[in-house]
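For reference, the structure discussed in these notes is given below.
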Amino acid sequence: MRMVFRWFGEGNDSVSLSEIKQIPGVEGIVWALHDIPAGEVWPLERIKEVKKQADEYGFHIEVVESVNIHESIKLGTKERDHFIANYIQTIKNLAAVGAKVICYNFMPVFDWVRTDLFGKLSDQSTALFYEKAKVENMDPIELVEKIATNPTYTMPGWEPERLDTLKELFATYQSITEKDLMDHLQYFLEKVIPVCEAHDIKLAIHPDDPPWPVFGLPRIVTTQKQLQEIMNLVDSPYNGITLCSGALGVREDNDIVAMIQQFQDRIPFAHIRNVELRENGDFIETSHRTEDGSIPIDQIIKAYHDIDFQGYVRPDHGRHIWNESCRPGYGLYDRALGIMYLWGLWDAYQQLNGKDESNVTNTFEFEK
Ligand code: DNO
Numbered sequence: 021m022r023m024v025f026r027w028f029g030e031g032n033d034s035v036s037l038s039e040i041k042q043i044p045g046v047e048g049i050v051w052a053l054h055d056i057p058a059g060e061v062w063p064l065e066r067i068k069e070v071k072k073q074a075d076e077y078g079f080h081i082e083v084v085e086s087v088n089i090h091e092s093i094k095l096g097t098k099e100r101d102h103f104i105a106n107y108i109q110t111i112k113n114l115a116a117v118g119a120k121v122i123c124y125n126f127m128p129v130f131d132w133v134r135t136d137l138f139g140k141l142s143d144q145s146t147a148l149f150y151e152k153a154k155v156e157n158m159d160p161i162e163l164v165e166k167i168a169t170n171p172t173y174t175m176p177g178w179e180p181e182r183l184d185t186l187k188e189l190f191a192t193y194q195s196i197t198e199k200d201l202m203d204h205l206q207y208f209l210e211k212v213i214p215v216c217e218a219h220d221i222k223l224a225i226h227p228d229d230p231p232w233p234v235f236g237l238p239r240i241v242t243t244q245k246q247l248q249e250i251m252n253l254v255d256s257p258y259n260g261i262t263l264c265s266g267a268l269g270v271r272e273d274n275d276i277v278a279m280i281q282q283f284q285d286r287i288p289f290a291h292i293r294n295v296e297l298r299e300n301g302d303f304i305e306t307s308h309r310t311e312d313g314s315i316p317i318d319q320i321i322k323a324y325h326d327i328d329f330q331g332y333v334r335p336d337h338g339r340h341i342w343n344e345s346c347r348p349g350y351g352l353y354d355r356a357l358g359i360m361y362l363w364g365l366w367d368a369y370q371q372l373n374g375k376d377e378s379n380v381t382n383t384f385e386f387e388k
């Protein structure tokens, strides 16, 4: 397990590299050039600047999250070849400085969706909150307008500067089925995966968050079955998964441990976080600790340990605690606590393994 930490860049993150340096066991940053619009080439010079900043702290920049996919590629329009060519150039530029994994998603129009970025937990901390009924009854255009007047509500893909294009995009997606979207993903992967193979850099698709259709838009990265389908589109280790326990885990029919076992050779990058599922279909993010939510983080770490996972891991969203003001989900404190919990579990499994390799790993469970 190689621990990395998401960093949004100089001037774009409340957390500094020197603070990240003090979290035990972090070897690299997960980064992106967030100001470059989807579809444009990431210039080598800009990439090198980030490398220089990371180098100063002894961090590597092997994991990139995300190089976003232009909508024309998801929609399968004729402009897509131009944007795929740009994507390929970005892959080459990233590989040239030693990047090893590119996380991306294939969600139409938006990245993740929540209804409240500061939902209250019982300990008075706040966290990202999803209210099912609210989303089901919401007109996304109204939401878009709400964001325009209240930018603190902004989520990725919902940036105020995109608002003008959103109405049109919604209309265009009306005729796109899940099958179309899967075909468009295949078209994209068939073009880019050979380049990834040649340059030794893996693509890792992030699941849809939440893993079901929202606002009538199609979603194709929601279940184990769909992940298998995506793996089959291009059967190469360079066509991989960002296995996100929180995104997938809010569906009770998703078994993350089974996914780790099934896709073990295709997971270059793991996101780990916990979520509390509520009976009415709402969910709120919690501390990483198993007992605090509905996702068996201890079993997940055990599954990674059992397969001798060599990929990158990052704690995912954290709560906002100790009065920290930060990007929603991306404060320093709770993610650092999360890391220590993940290391604690990992080290304990390591030790047990060392003591009695023959049978202990299969029977050991933390008491609840
Ligand atoms: C949320 C993240 C996602 C993720 C993208 C990957 O905080 O996990 O925004 O970066 O979906 O492309």
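For what it's worth, the working numbering labels the leading residue of the sequence shown as 21, then goes sequentially.
Cβ atoms here follow ideal geometry from the backbone N, Cα and C, with glycine treated the same way.
If distances are taken between C-alpha atoms only, which option among the options comes closest to residue i?
i	options	result
residue 23	371, 365, 359 and 368	359
residue 128	261, 88, 136 and 71	88
residue 136	126, 143, 130 and 147	147
residue 160	144, 133 and 281	133
residue 281	244, 310 and 250	244
residue 36	102, 57, 61 and 79	79
residue 97	204, 215 and 162	204
residue 52	41, 64 and 45	64
residue 230	185, 209 and 272	272
residue 263	156, 290, 118 and 54	290
residue 316	268, 34, 329 and 354	268
residue 233	197, 324 and 364	197
residue 165	116, 186 and 239	186
residue 115	156, 39, 218 and 40	218
residue 191	214, 91, 345 and 330	91
residue 343	372, 362, 145 and 328	145
residue 42	363, 77 and 163	77
residue 225	283, 169, 157 and 330	283
residue 138	194, 337, 163 and 374	337
residue 184	202, 195, 194 and 163	163
residue 158	126, 109, 235 and 278	235
Looking at residue j and residue i, is the spacing between their C-beta atoms short of 8 angstroms?
i	j	result
residue 286	residue 260	yes
residue 19	residue 350	Here the chain comprises residues numbered 21 to 388, so residue 19 is not present and cannot be evaluated.
residue 17	residue 141	Lying before the first or after the last residue shown, residue 17 is absent from the chain, which here runs from 21 to 388.
residue 237	residue 270	no
residue 152	residue 301	yes
residue 106	residue 60	yes
residue 308	residue 335	yes
residue 100	residue 93	yes
residue 310	residue 318	yes
residue 369	residue 21	no
residue 188	residue 254	no
residue 321	residue 357	no
residue 345	residue 34	yes
residue 49	residue 117	no
residue 363	residue 57	no
Taking residue i and residue j to be in contact with their CB atoms under 8 angstroms, please state how far apart those CB atoms are, rounded to whole angstroms.
i	j	result
residue 241	residue 228	5 angstroms
residue 339	residue 326	Incorrect: roughly 29 angstroms between the Cβ atoms, too far for contact.
residue 150	residue 216	Not really, about 33 angstroms apart at Cβ, beyond 8 angstroms.
residue 104	residue 28	With a Cβ gap of about 26 angstroms, residue 104 and residue 28 do not count as contacting.
residue 156	residue 202	Not confirmed; about 24 angstroms, so no contact.
Is there contact between the stretch 115-131 and the stretch 75-92, where contact requires at least three CB pairs shorter than 8 angstroms? With the cut-off at 8 angstroms, the stretch 115-131 and the stretch 75-92 touch.
Within the stretch 260-309, note down every full alpha helix (DSSP H) run reaching 4 residues or more, in order along the chain. Annotation: the stretch 260-309 contains the following complete segments of the alpha helix (DSSP H) (minimum length 4 residues), in chain order: 265-269 and 276-282.
In chain order, each beta strand (DSSP E) run of at least 3 residues that lies wholly inside the stretch 126-162: Fully enclosed beta strand (DSSP E) runs of 3 or longer: 136-140 and 146-150.
Return the chain-ordered ranges of every beta strand (DSSP E) run that is complete within the stretch 63-113 and spans a minimum of 3 residues. 80-85, all fully within the stretch 63-113.
Can you give, in chain order, each stretch of the beta strand (DSSP E) that sits fully within the stretch 206-241 and has at least 3 residues? List check, beta strand (DSSP E) in window: 222-226.
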